[in-house]
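In order, the protein sequence lines correspond to chains A and B.
Sequential numbering from 197 applies to the first sequence in the working numbering.
Sequential numbering from 13 applies to the second sequence in the working numbering.
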Amino acid sequence: MKRKWYLTITAVFLVMGILLSLQFRAQENFASGLTMQRTENLIAMVRDLSSKRQNLSFEILDLTERLTAQKQAERDDKQLVSNIANEMNKLNIITGATELIGPGLTITIDRYMPILYIDIINIVNELWAAGAEAISINDQRVTANSAIFYAENSNNVFLTVNNHTIDYPVVIMAIGDAANLEKGLTIPGGIMDNLALFGAYPVLEKKDETTVVARNDTPHFYFLKEYKPEDTSSSESKPAANNQIHND
Amino acid sequence: MWILPLLGLLAGAFIGSTLTYEVPPTYIKYMSIAVLASLDSVLGGVRALLENDFDSTVLLSGFFTNALLAALLAYLGDRLGVDLYLAAVFVFGVRLFQNLANIRHGLLSQLRNNKQEK
């Protein structure tokens, strides 16, 4: 009998404990839930949350603005890089850093023809004048720094371009409108007529595709500096005077 | 000899707090009335022990049927639109205090008897 009440009471207390703690927790959760909050608290919570939300949306706006600014800057950078690359290509073509290909005219001069360096200069000048875009003589590119001259030793006189001797046959290649180039050389009283007087008959050949080699040596500049006009915004009085001088 | 039931209560509380089960919010009301009824039954059992007419069958049956019936009645009251919930709270509340008073009386008389025997 004694043992039995013990066990019963213990079992009942155990169940009681479980029930109580479950109910405790449930009630606590329920009371802290939104449905049990007072209206004032709910209003305050809504206000708080909506102001937070507003702040966050402002932040989103701000961040998207910054993102677009960054993207714009990146695009500008890319634009800049591609512009520079284009510029560089153009400069490479102009300064003769790259080999070029295009339709044009070749002028072949053989050893037996009585031709001096000055005639070569005339031919080249005439080609430029007739609209040649790039000219090479054998394996030498004619650039802004090119010199066409002669060199001699005890036996012989050599033609030189860019201080390199040129072997016969001398082949001048010019890229441009082939018909125009040819006409430029062959007009009556022009260079071809002139050379014919001396019994020199260079061979002209129009080609659909001629190759103009790249220059072999890069020019080095030790003395020259780029001239930059003074900035007009930095000081007001001086540039006015300078500008006047320039205009004169 | 009261230690074992107390341990049982603590163990029950511990088990209940470690359980992941959550009472659904709609049943919290009925659960609370069931807890009240079972609390009343337990106190009634303790009082019976002190008055020496303890019967485990009565306690166990009372414990569970009271709890279930109280919850059911509260539920029915809600369905019918009558606040039987309040009636249950009232009845069990009164009985709870009566039981507590009886337990106090029982304990006091036991103490007095012990003193007189000495």
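Glycine included, C-beta positions come from ideal geometry on N, C-alpha and C.
Quick caveat: nothing in here was measured; it's all calculated off a predicted structure.
Collapsed DSSP secondary structure at residue i in the structure displayed
{"i": "residue 348 of chain A", "result": "strand"}
{"i": "residue 406 of chain A", "result": "strand"}
{"i": "residue 316 of chain A", "result": "helix"}
{"i": "residue 106 of chain B", "result": "helix"}
{"i": "residue 299 of chain A", "result": "strand"}
{"i": "residue 332 of chain A", "result": "strand"}
{"i": "residue 234 of chain A", "result": "coil"}
{"i": "residue 307 of chain A", "result": "coil"}
{"i": "residue 204 of chain A", "result": "helix"}
{"i": "residue 337 of chain A", "result": "strand"}
{"i": "residue 426 of chain A", "result": "coil"}
{"i": "residue 366 of chain A", "result": "strand"}
{"i": "residue 34 of chain B", "result": "coil"}
{"i": "residue 435 of chain A", "result": "Annotation note: pLDDT 48 at residue 435 of chain A (below 50); position unreliable, coordinate value reported separately. Note: residue 435 of chain A maps to helix in three-state DSSP."}
{"i": "residue 256 of chain A", "result": "helix"}
{"i": "residue 383 of chain A", "result": "coil"}
{"i": "residue 213 of chain A", "result": "helix"}
{"i": "residue 14 of chain B", "result": "coil"}
{"i": "residue 420 of chain A", "result": "coil"}
{"i": "residue 64 of chain B", "result": "coil"}
{"i": "residue 411 of chain A", "result": "coil"}
{"i": "residue 394 of chain A", "result": "coil"}
{"i": "residue 248 of chain A", "result": "helix"}
{"i": "residue 101 of chain B", "result": "helix"}
{"i": "residue 443 of chain A", "result": "Its pLDDT being 48, under 50, residue 443 of chain A is placed unreliably by the model, and nothing is read from it."}
{"i": "residue 55 of chain B", "result": "helix"}
{"i": "residue 264 of chain A", "result": "helix"}
{"i": "residue 292 of chain A", "result": "coil"}
{"i": "residue 119 of chain B", "result": "helix"}
Interface flag, residue i vs chain A, CB-CB below 8 Å
{"i": "residue 85 of chain B", "result": "no"}
{"i": "residue 16 of chain B", "result": "yes"}
{"i": "residue 45 of chain B", "result": "no"}
{"i": "residue 111 of chain B", "result": "no"}
CB contact below 8 Å: residue i versus chain B
{"i": "residue 230 of chain A", "result": "no"}
{"i": "residue 263 of chain A", "result": "no"}
{"i": "residue 274 of chain A", "result": "no"}
{"i": "residue 260 of chain A", "result": "no"}
{"i": "residue 235 of chain A", "result": "no"}
According to DSSP, residues forming a beta bridge with residue i
{"i": "residue 353 of chain A", "result": "A/348"}
{"i": "residue 361 of chain A", "result": "A/356"}
{"i": "residue 400 of chain A", "result": "A/303"}
{"i": "residue 371 of chain A", "result": "A/300, A/330"}
Inter-residue CB distance, residue i and residue j (contact presumed, cutoff 8 Å)
{"i": "residue 370 of chain A", "j": "residue 300 of chain A", "result": "5 Å"}
{"i": "residue 328 of chain A", "j": "residue 296 of chain A", "result": "So it is not a contact: roughly 11 Å between Cβ atoms."}
{"i": "residue 24 of chain B", "j": "residue 213 of chain A", "result": "2 Å"}
{"i": "residue 362 of chain A", "j": "residue 333 of chain A", "result": "6 Å"}
{"i": "residue 326 of chain A", "j": "residue 377 of chain A", "result": "5 Å"}
{"i": "residue 75 of chain B", "j": "residue 106 of chain B", "result": "Contact doesn't hold; Cβ gap of about 18 Å is too wide."}
{"i": "residue 56 of chain B", "j": "residue 125 of chain B", "result": "With a Cβ gap of about 22 Å, residue 56 of chain B and residue 125 of chain B do not count as contacting."}
#### Entry: Residues, ordered as in the chain, of the stretch 47 to 76 of chain B that lie near chain A by beta-carbon distance below 8 Å
47, 50, 51, 53, 54, 57, 58, 61, 66, 68, 71, 72, 75
### Message
Any C-beta of chain A within less than 8 Å: which residues of the stretch 18 to 40 of chain B qualify?
### Response
18, 19, 20, 21, 22, 23, 24, 25, 26, 27, 28, 29, 31, 33, 34, 35, 37, 40
### Task
Using a Cβ-Cβ cut-off of less than 9 Å, list which residues of the stretch 215 to 227 of chain A approach chain B; keep chain order.
215, 216, 217, 218, 219, 220, 221, 222, 223, 225, 226
### Query
Using Cβ-Cβ distances below 7 Å, what residues of the stretch 115 to 128 of chain B are close to chain A?
none
### Task
Anything in the stretch 239 to 255 of chain A with a Cβ closer than 9 Å to a Cβ of chain C? List those residues in chain order, please.
No chain C appears in this structure, whose protein chains are A and B.
### Task
Closer than 9 Å, Cβ to Cβ, to anything on chain B: give me those residues from the stretch 199 to 214 of chain A, in chain order.
Flagged, chain order: 200, 201, 202, 203, 204, 205, 206, 207, 208, 209, 210, 211, 212, 213, 214.
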